[in-house]
Amino acid sequence: MLLSRVLSPVLVGRDSELSTLEDSLLSALRGDGGVVIVGGEAGMGKTRLVNALAARARTLGCMVLAGGCSEAELSLPYLPFLEAIGNYLTTADVRQLGQRLGPAASELAQLFPQLGSPSGSPTESVQAKLRLFESILILLRDAAGHRALLLILEDLQWADPATRELLDYATRRLRSTNVLVVTTYRTDEMHRKHALLPTIQGWRRNGQVELVELGALSATQIADMVCAIFEERSISPEFRDFLHERSEGNPFVLEEMLRDAIDRGDIFRTEAGWDRKAVAEIRIPPNVRDTILQRLERLSREDVTVLSAASVMGRSFDIDSLAEVAQVDGNAVLSALEASVSAQLIEEEERRSGCYRFRHALTQEAIYEDLVAPRRQQLHSRVADVMESRHDHAPVDQAHHLFMAGRNQDAVAMSMAAAENALQARAYRDAAELLERAAPYVADRAERARMLCRAGEAYHDNAESQSARRLLEAAVPDLERAGFAVEAAIERITLGRSLWELMRSDLARDQFELARVVLEPNGPSEALANLYIRISSLATFNGEHLTGIEFAQKAAATAEQAGADMPRVWSLTFLGGAEAGLGQVTAGFDHLDQSYRGALAGGYDFQVGNAVYNSIWLAMHLGRGDLVEKWTERIATMPQVGFEPWPTYGAAFIALEHGQIVDAIQLSLAAVQKGREGGHRKMGWRAEVLLAHALAENLRAAEAANLMPPTSTRVDRQDVIYDAMPRVRCRLAAADLAGAEHEARLVPPEACDHGSPVDAVAEGTRDADWLREFMAKIPAKGEVLGSPRIAAARGRLALYEGRFDDAREALASAVAAFEGGKLQLDAWHVGSALAEAELKSGHADLAKSRLQKIATDAEAAGARLAGRVARDTAARLGLEVGPAPETSIEPPMVQRVAAGERMVSVLFADVRGYSRLSGQSPPAELADRISTLQRWATQEVERRHGIVDKFAGDAVMATFNISGQSVDHTLQALRAAVAIIDKAALAGLPMGAAVAVGPAVVGNMAEAANLSVLGEVTNLASRLQGAAEAGEVMLAEEVYRRVREWLEAQQIRAERVGLELKGFEGPVYAYRVTTGMVAATTP
């Protein structure tokens, strides 16, 4: 599909501001109107925000009027009021309106002749003006009717004096009315002499209005907007940060940039989805640039000349350098700076005396691009010379200006120096970009190829495999043609590794063989040792462990002969991995340990991490939690390499196996982003598989299925070990038993040389004959045969064959090993099979208690699939375990509360007629309304010092006085209930609620569990809520006693009713309170 409009379909990043406006609208509905001023720079979304409020007002049956001020120097007095009221009069019955207005109609006739004859000749007396103002307010109150009126006045920065005066009057007269006026203005227009500025300052000082300021969106919010526009799940951090920097968080600028990029073909649609060119090719949109340049018309020609020179210097600049570059005296610079500050184009740096910066990067870019090319070059050359004379600038900055000035040879030398500095600082991407930029200006082909190869290596060191491949594939043939075969062969090793990371093992092997043909005849060298390590790794990845050992030993011997310590140490990592694949687990981990210690002593950072990652992965698939724990502790000794994706992947893998599902999802998502950002497809693939697995464990089956790569993406045999269990669990999460069987049968027996994934195969099938034949073919040997994963598979096979005592023995040993090694997720899943074996071997009590504990612990940790398996197993076996908790949407962070008894107030609220709404509303629309409801509920509860325990679809449960320190928690719970019901009405959701108060045990009952509130008070609140109609709050008797005075002060009537509630003996007396907001709600 093509986009007809590049607009975000949802309002992003304005929840707090919209909530403030919604509160003001609800206050107006209660007869407490007023004025809200929404400020923000042009394009920040002021109009979109007030339009969202207007939609909510219409939902509540409110009248909405709107008008705007004109940018023209001369405009009609009261223009926005004339527009808003004039439009209203075209639809009103003017005769009846005139009768209702009485004498005010003749006053208004001066502005609106359709209301009759004016009261007399126009006059400018103060009394006449006040009569006119009061008459306008009378008309607005009449238009509000029995609900409320929302009057929107846009672009107040252009308001005429009469409009400003009328609005100022309204700020003092709209209290105790049902009229809300919302105005917008541009803060970037508020220079010191602007006529509106004193008025706004007075409002702010006196508190006459509610002021809402719209700031820039964050990088995350920019990403959310882009995903909403293109209907994508995520964007790369690089693209996100680029768009955030260029748009500076301005929604309008972002949408214009994207629209212009689509028009220019910089962003385009492919069969696989949306794609884009390099970020450097995405330019500032012409209409945005023209708008910025219009603001320069306030400056003199001399000031513009100085500002143009500053734009060439960059976003920031100092006064002395600017004077030299612009070739003017200091007074001229100061004059230009004063004018530019007044025009809000630049601002003084806070922490750097004598330095200024453009307020917006787009301003600097627009002024820069308005310069003709020869003038730009001249100014860049001056900047480079000034930098040279001052010796206080980074070489990379000077190199940039030299290139832009066309002084390419000077720039190449400076780039080389800057790249060396970057490499020393491990700023690999900076180094790569410098070298790549300089290479085209090097005349000698061999030197140019060397420079590109160096850049390719830097990209590879920065985990940017695709960029490394691009440069190395271009440069290596040039090195060979120039007669430098050995150098080219060495670069082929990096190229081969990059290709493997891009999931092209076949091409990687070709590169390694080409390098081997050249390097072996030249005798032992560090490069040859590294090549043997890469060949060893490819062999091991494909289960060719004897070959893996052979080349790992060759690498060690070659490194020893060449006096190269790093590859000698590194080779032990791959020797250990291959040995473990042959069942020599102890010897393998001894060599991994030696590799780790040697790399740590030698300062070989990558090799330290490589040993740690391989050891954790190997231990996990062997089911050796003790070794996982040992190697996990060593992560702290590793250097911090933020660009590498594997540490995040490793942390996610550990969290998942430990049963920490929420953490696993978050970490997996971060690992996916890191893999995509660097183009490391292999690690990105692994991370996507892991994320799908974590989502499946959380019973988010549809998301997991959409994310799981197809089996055709497997490249190495080792990939089956990575994805077999995730694929089976994804099918089980979707209750697709046939699919799980299918996934199990796709696993080749030879892939189970480490034990895993034989346990996945046994979990996915219940065909005993096929499983017995499969297990007879697995090549596991030696110490691997003692893996608890093999024990779990043997136990399941015995269970399927009816050998229940054998099954219980094998499964019990597996569960004990998993629990002892803290591999809790495996313990839960295998534990359900053990419980079945226990029951069928005569131990029903053990089975029941085990399944109850698994269900409780797993669900509390977010491992909802393991919990469901336990409950399904219990049901199938005829065992009764405690009820499952309601499906809930839990917050990502769990508030830790020590368990204890407290007096608490509990709020339950639920949408009335939800099934009917579901049938009437499109799913996406209803989901958006429920999401909005949950946002509102969270805000209202937290505002009143409560916490949301859970969301269960359209229902909310909240608790107040968790700390035990509040004395008015019951009133706060009631006020939250009223606010939630009223705000839900804005989204067309009729809600009922209930509040109860009483003692309860409150706290986190398990390590990873969410907050629990246990006591009769929760049951009472839940039952009372079921008796509340839309717009009603049911109050328990004790609640009413505590809030009675407040209800009377608010003139809110409470009706005492007797109710028959399930689980309670006799009638339960409660009080029915109606909020009055739902009457005009239209579902």
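Position 324 of the sequence shown, counted from 1, bears residue number 334 in our numbering, the numbering being contiguous throughout.
The beta carbon of each residue, even a glycine, is placed where N, CA and C say it ideally should be.
Write down the C-beta distance between Leu160 and Cys72 rounded to the nearest angstrom, noting that I regard them as a contact closer than 8 Å. 6 Å
Could you tell me which of Phe561, Thr568, Ala518 and Leu512 sits nearest to Ala1095, measuring between CA atoms? With the chain covering only 11 through 1093, there is no way to say anything about residue 1095.
Roughly how many whole angstroms lie between the Cα atoms of Leu849 and Glu819? 13 Å
From the DSSP output, in three-state form, read off Tyr1081 for me. strand
Short of 7 Å in beta carbon distance, which residues of its chain neighbour Ala1080, apart from the five on each side in sequence? Order them along the chain. Leu1034, Met1044, Leu1045, Ala1046, Glu1047, Val1067 and Leu1069
Out of curiosity, what's the CA-to-CA distance linking Asp328 and Gly364? 6 Å
Would you call Leu9 buried or exposed, if buried means 16 or more other Cβ atoms sit within 10 Å of its Cβ? Nothing can be reported for residue 9: it is not among the residues displayed for the chain, which extend from 11 to 1093.
What first and last residue would you give for the beta strand (DSSP E) that runs through Cys365? Cys365 to Phe368
Around the Cβ of Asp673, are there at least 16 other Cβ atoms within 10 angstroms (buried) or fewer (exposed)? buried
With H, G and I counted as helix, E and B as strand and the rest as coil, what does DSSP make of Met1044? strand
Coil, strand or helix - Ile990 by DSSP: helix
Check for me: the alpha helix (DSSP H) holding Lys863 runs from which residue to which? Ala854 to Ala870
Compute the Euclidean distance between the alpha carbons of Val651 and Asp726, then round it to the nearest angstrom. Low local confidence applies: a pLDDT of 49 at Val651 is under 50, so the model's placement there is unreliable, with the coordinate-based value given in what follows. Rounded to the nearest angstrom, the two C-alpha atoms are 26 Å apart.
Over what stretch of residues does the alpha helix (DSSP H) that includes Ala820 continue unbroken? Phe814 to Gly830
Shortest alpha-carbon distance to Ala371 belongs to which of Ala320, Cys237 and Glu398? Ala320
Determine the DSSP secondary structure at Tyr810, reduced to helix, strand or coil. helix
Compute the distance between the beta-carbons of Ala1114 and Ala986, then report whether it is under 8 Å. Only positions 11 to 1093 of the chain appear in this structure, which leaves residue 1114 out of reach.
Less than 8 Å between the C-beta atoms of Tyr659 and Ala697, yes or no? yes
Since Ala857 and Ala876 are thought to touch, with beta carbons under 8 Å apart, how far apart are those beta carbons, to the nearest angstrom? The Cβ separation is near 16 Å, so there is no contact.
Simplified DSSP assignment, three categories, for Arg514: coil
Given a cut-off of 8 Å, decide if Val682 and Leu701 are closer than it, judged by their beta-carbon atoms. yes
Could you tell me which residues DSSP pairs with Gly50 in its beta bridges? Arg196 and Leu224
Assigned secondary structure, Lys791 (DSSP; H/G/I helix, E/B strand, else coil): coil
Among Gly340, Pro123 and Glu117, nearest to Gly96 - alpha-carbon criterion: Pro123
For Leu833 and Gly635, which I take to be in contact (beta-carbon distance under 8 Å), what is that distance rounded to the nearest angstrom? 5 Å
Given 7 Å as the limit, tell me if Asp815 has its C-beta closer than that to any heavy atom belonging to the ligand PLP. Summarising the ligand content, the structure contains no ligands, and the ligand PLP is consequently not present.
Between Ile543 and Pro487, how many whole angstroms is the CB-CB distance? I'm expecting something under 8 Å. The pair is not a contact, with the Cβ atoms about 25 Å apart (cut-off 8 Å).
Give me the residue from Arg724, Glu751 and Ser625 with the minimum Cα distance to Asp552. As written in the sequence, residue 552 is Asn, which differs from the Asp given in the question. Ranking the options by Cα distance to Asn552, first place goes to Arg724.
Return the CA-CA distance between Gly669 and Arg24, expressed in angstroms with no decimal places. 35 Å
Please classify Arg56 as buried or exposed, where buried requires at least 16 other C-beta atoms within 10 Å of its C-beta. According to the sequence shown, residue 56 is Lys rather than Arg. By the 10 Å Cβ count, Lys56 comes out buried.
By Cβ distance below 6 Å, which residues in the same chain neighbour Tyr614 in space, the five residues on each side in sequence not counted? Met576
Secondary structure, alpha helix (DSSP H): runs of 4+ residues fully inside the segment 680–763: 691–707, 711–717, 728–743 and 747–755
How many angstroms separate the CA atom of Ile626 from the CA atom of Ser976? 48 Å
C-beta atoms of Glu633 and Gly765 nearer than 8 Å: Looking at the sequence itself, residue 633 is Gly, so the reference to Glu does not match. Cβ distance < 8 Å, so Gly633 and Gly765 count as in contact.
Quick check: Phe584 and Ser546, are their CB atoms within less than 8 Å of each other? yes
Can you tell me which of the three DSSP states Asp978 falls into? coil
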